[in-house]
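Protein chains: 2
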Amino acid sequence: MAHLTERDVCLNITTLEAKDIRWPTSLGAHGSDAMHTDPDYSCVYVTISTAEGTYGNGLTFTLGRGTDIVLLAVRAMKRFVENRTTDSIYRNFAQFWRELTSESQLRWIGPEKGVTHLAVAAIINALWDLWGKIRGVPVWRLLTDMDPEELVSVIDFRYITDAITPEKAINILKTSQHDRQTRINELVAKGYPAYTTQVGWLGYNDDQIRTLCRKYLSKGFTAFKIKVGQNVENDINRCRLVREEIGWENKLMVDANQIWDVNEAIAWMEQLKDFKLLWIEEPTSPDDVLGHKKIADGMRKHGIGVATGEMCCNRVLFKQFLQAGALDFCQIDSARIGGVNEILAVYLMAKKFNIKICPHAGGVGLCEMVQHLQMWDYTSVSGTMTDRMVEFVDQQHEQFIHPAVINAAACYVAPTQPGYSTELKPEAIAMFEYPNGSEWKRMFAEGTFSKEDY
Amino acid sequence: MAHLTERDVCLNITTLEAKDIRWPTSLGAHGSDAMHTDPDYSCVYVTISTAEGTYGNGLTFTLGRGTDIVLLAVRAMKRFVENRTTDSIYRNFAQFWRELTSESQLRWIGPEKGVTHLAVAAIINALWDLWGKIRGVPVWRLLTDMDPEELVSVIDFRYITDAITPEKAINILKTSQHDRQTRINELVAKGYPAYTTQVGWLGYNDDQIRTLCRKYLSKGFTAFKIKVGQNVENDINRCRLVREEIGWENKLMVDANQIWDVNEAIAWMEQLKDFKLLWIEEPTSPDDVLGHKKIADGMRKHGIGVATGEMCCNRVLFKQFLQAGALDFCQIDSARIGGVNEILAVYLMAKKFNIKICPHAGGVGLCEMVQHLQMWDYTSVSGTMTDRMVEFVDQQHEQFIHPAVINAAACYVAPTQPGYSTELKPEAIAMFEYPNGSEWKRMFAEGTFSKEDY
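Listed in order, the protein sequences are those of chains A and B.
Using my numbering, the letters of the first sequence map in sequence onto residues 838 to 1291.
Using my numbering, the letters of the second sequence map in sequence onto residues 838 to 1291.
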């Protein structure tokens, strides 16, 4: 049970509204990778309103087609939220989370994965935004200020007690409490290190890559990630030219976005082993724990780590990746598994198994949300930034009222506004709501997009 | 590439229609288990029509709420099927399957799991029904009559080549070809053994259970499965009274429907170990390969096998369950993973790892479909029925034009009609299409159900 205090004014939730919002990013090659060749960055955007006027926003990231399917799933879950008090949710948040994820008929079409879990993420993220606003603090402070028992009380431990129990989780948090204020001060002063994925989308040519390397070097970045996996000669060429631009002291990571089979991944990476790569990301199916374990074993002699997680579907898969030693960098996503509550469980398991978390971001709103989580990890769980960083992609931030901000040292600036940084500007919604936003009407009229595309 | 012959008249596909059909089974306690307390057995029902008049039907099973979400996903995939020729699909069926499952924007909301994969199953199942009708044979014969190369050509081996390659799969099938005609004859003469789940849904009381045991004994059944997991004393009582009714020579299995954590499963089953149980089914999360491995290891000394698979989301998870030795009975489902093509891969991997397949059935149409797959396993893969059987639940069969039939020896009768046995009666659709079928209109009018329930 959460220890609700006078900080928690009890509000009366009236409505949960959800919108399908899509940006036509496929018109550039932004965001393109080996498996997702033409993404239209999109989201299902949730607004939970209260009778008292305070509201929370949450979202889940999508790639265009299918956003309407997730939207329908969110609407199927509205009845769990509407006409409740905030106290009735936050006072037993783990139980609420389980009700939402284990609804006796809906769970059949999951369970806890894919469309229905993305829908849960949007709703849960909106509830955390609302909770932050109720307490008047950004979510990273909300989490940091919770005592260990309160924080652990929001987690549903079903299916993970063989890896971590509530008692063990509380112990981890208690052990990490020393010097917390020092770390908070440091975060506020310096921010949290970011890396850029923006130099090497697959759709970019050599000149674009060189230009972007220089641009991000000049912005203070020291860690760079590029996409690989369509053609090995091309990959060798891309790695070589990025190394020419960034040198050998900066970090370089590569990302295959699930293109390979297990043995293929090992063979392909053999050909990239001389580029001093920090990690190979998503070498194969996001569901393949044992496959990643084999790849990780194969990469060890080259000093290349294995990273995955952005499409890991829930805490049960993450648990196994951690138990098996199948990854070196755990890339939680803020809107794939069931929102903050479930992600906290992954952070605590990662700490127990001594695995570094480097969150996935980019997309729409992922940078905005995940910065909060990783800052809490620094203040309250791992207590270190060593070999940890958060992905940064400079897209769609201008759509948000309180966007993620990168400082001159290429660090995420600690958010100060209450909530989860998830509120879109009204004009963004007016322009890009699908299919009736003003930009979509214009593009359909001009023939830039056809409705048959969706 | 499939070796299309003159058997394969090329048809022109015109439309793919999908319907949401729900039966109000929650009004009884039929189908109730520890996690699914009030299922309304439902399906998304697909009809693929051709200009020539031949059509195929396929379905995916659901539990009521959420059927509309899967329906929307099916409709999002229509464009892959409509206005194509059947040749363009069957000639390179593996490639078609990959296009459907790896669509560059839609895959983000899966991939290959949950709502989108259920949608794929309904479409792929309809295409197999159509193929059977084109060749004029039931699907089990269609599969049996394919030469090994043709059969293997329909499988997308992405992500499983570390466990099985096309070459290995062809070898398995070639090795199993001897005496095939003898097995076909035996199947036609005797059918394939079934077991019943109908004696012990959680909602049933002791008298109901005893009565049902006697009923199914008198129908020739020798294997019985009951639900467990809500209360251990109750479970002990239920096991005891079922054993009193069926004796100790008949087979008894128990099914927990994912209710336990890993260590809890082991501890709970310790209390049921004296009932000579053939298997414990779904002891924990369907995603937990390593957890099932631990449970399987814990059960071995009691001679209890571990069974799972009905909610295993794709071939990558099945691959790991098999590689890890995490199950003793592999329970493929005909409408959870991506239809026949993907299921064939699981059968072939199970053969390689020497694990018995005992398919999940019940629901709506699952018995109808899965009988074909298991009969093909007998003729062409495992070549044996030893310790293998197919679940049977006597519900919703009367809704089908060619329902699964159980003979006096409690065996599935080999289907003789062309196709996949998936065609619903027109009157079933007229009555139970949701929400405008005649029965739903009546129930809404009478207040038996409220639209707010969904």
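Ideal Cβ placement from N, Cα and C applies to all residues, glycine included.
Here A/ASN1071 is exposed, its C-beta having fewer than 16 other C-beta atoms within 10 Å. Against chain A, the beta carbon of B/ARG902 has neighbours under 8 Å at ALA913, GLU940, GLN942 and LEU943, listed in chain order. Among the CB atoms of chain B, none fall inside 9 Å of the CB of A/MET1280. Proximity of B/CYS1150 to chain A, defined by a Cβ-Cβ separation below 9 Å, is satisfied. Given a length threshold of 4 residues, each whole run of the alpha helix (DSSP H) inside the stretch 1234–1274 of chain B is given here in chain order: 1263–1269. With respect to the 9 Å criterion, B/LEU1164 and B/VAL1143 are classified as neighbours on the basis of their beta carbons. In the DSSP assignment, A/ILE858 forms a beta bridge with A/CYS880 and A/GLU1270. Inside the stretch 1112–1136 of chain A, DSSP marks whole beta strand (DSSP E) runs of 3 or more residues at positions 1114–1118, from first to last along the chain.
Contiguous beta strand (DSSP E) elements confined to the stretch 882–943 of chain A occur at 892–899, taking only those with 3 or more residues. A/LEU1089 is bridged by DSSP to A/PHE1061 and A/LEU1114.
Look at the beta carbons and you see the stretch 1133–1149 of chain A not touching the stretch 1031–1042 of chain B: under three pairs across the two are nearer than 8 Å. In this structure the stretch 987–996 of chain A does not lie against the stretch 1276–1283 of chain A, because fewer than three pairs of beta carbons, one per stretch, are closer than 8 Å.
Rounded to whole angstroms, the separation of the alpha carbons of B/LEU1114 and B/ALA1060 is 11 Å. In this structure, the CA atom of B/ILE1238 is about 27 Å from the CA atom of B/ARG1020. Taken in chain order, the complete beta strand (DSSP E) segments of 3 residues or longer contained in the stretch 979–1037 of chain A are 1029–1037.
In terms of Cβ geometry, A/PRO861 and A/LEU900 do not form a close pair [threshold 9 Å]. Under a criterion of Cβ atoms nearer than 7 Å, the residues of chain A adjacent to B/GLY951 are, in order, ILE946, GLY947, LYS950, GLY951, VAL952 and THR953.
Judged by beta-carbon spacing, A/LEU848 lies within the 9 Å limit of A/THR922, meaning their Cβ atoms are closer than that value. Only residues of its own chain outside the window of five on either side were considered, and among them none has a CB closer than 6 Å to the CB of A/ALA1026.
Around the beta carbon of B/SER1287, fewer than 16 other beta carbons sit within 10 angstroms, so the residue counts as exposed.
A direct Cα-to-Cα measurement between B/ALA1093 and B/VAL952 gives close to 23 Å. Annotation: the continuous alpha helix (DSSP H) that includes B/GLU1179 extends over 1176–1189. According to the DSSP secondary-structure assignment, A/GLU1228 is paired through a beta bridge with A/TYR1032. In the DSSP secondary-structure assignment, B/LYS970 is not bridged to any residue.
Here A/PRO975 is buried. Its C-beta has 16 or more other C-beta atoms within 10 Å. Checking the DSSP bridge columns, you'll see A/ASN849 partnered with A/THR922. DSSP places B/ILE1083 within a helical segment (H, G or I) once states are collapsed to three. The alpha carbon of A/GLU1289 has as its nearest neighbour, out of B/TYR882, B/LEU896 and B/MET914, the alpha carbon of B/MET914. Scanning its chain for C-beta atoms nearer than 7 Å, with the 5 sequence neighbours on each side dropped, one finds around B/ILE1096 the residues ALA871, MET872 and GLY1066, in chain order. Membership of A/VAL1143 in the beta strand (DSSP E) is indicated by the continuous run 1142–1145. With fewer than 16 other CB atoms across the displayed protein chains lying within 10 angstroms of its CB, A/LEU864 is exposed.
The stretch 887–901 of chain B makes no contact with the stretch 953–972 of chain A: fewer than 3 CB pairs, one atom from each, lie closer than 8 Å. Residue pairing by DSSP places A/ILE1096 opposite no residue, since no beta bridge is assigned to it.
Under the Cβ distance rule, A/PHE1269 does not count among the residues neighbouring chain B, no pair being separated by less than 9 Å.
A distance below 7 Å between beta-carbons, with the five flanking residues on each side excluded, links B/VAL918 to the following residues of its chain, in chain order: ILE850, LEU853, ILE885 and ILE960. Against chain B, the beta carbon of A/LEU909 has neighbours under 8 Å at ASP905, ILE906 and LEU909, listed in chain order.
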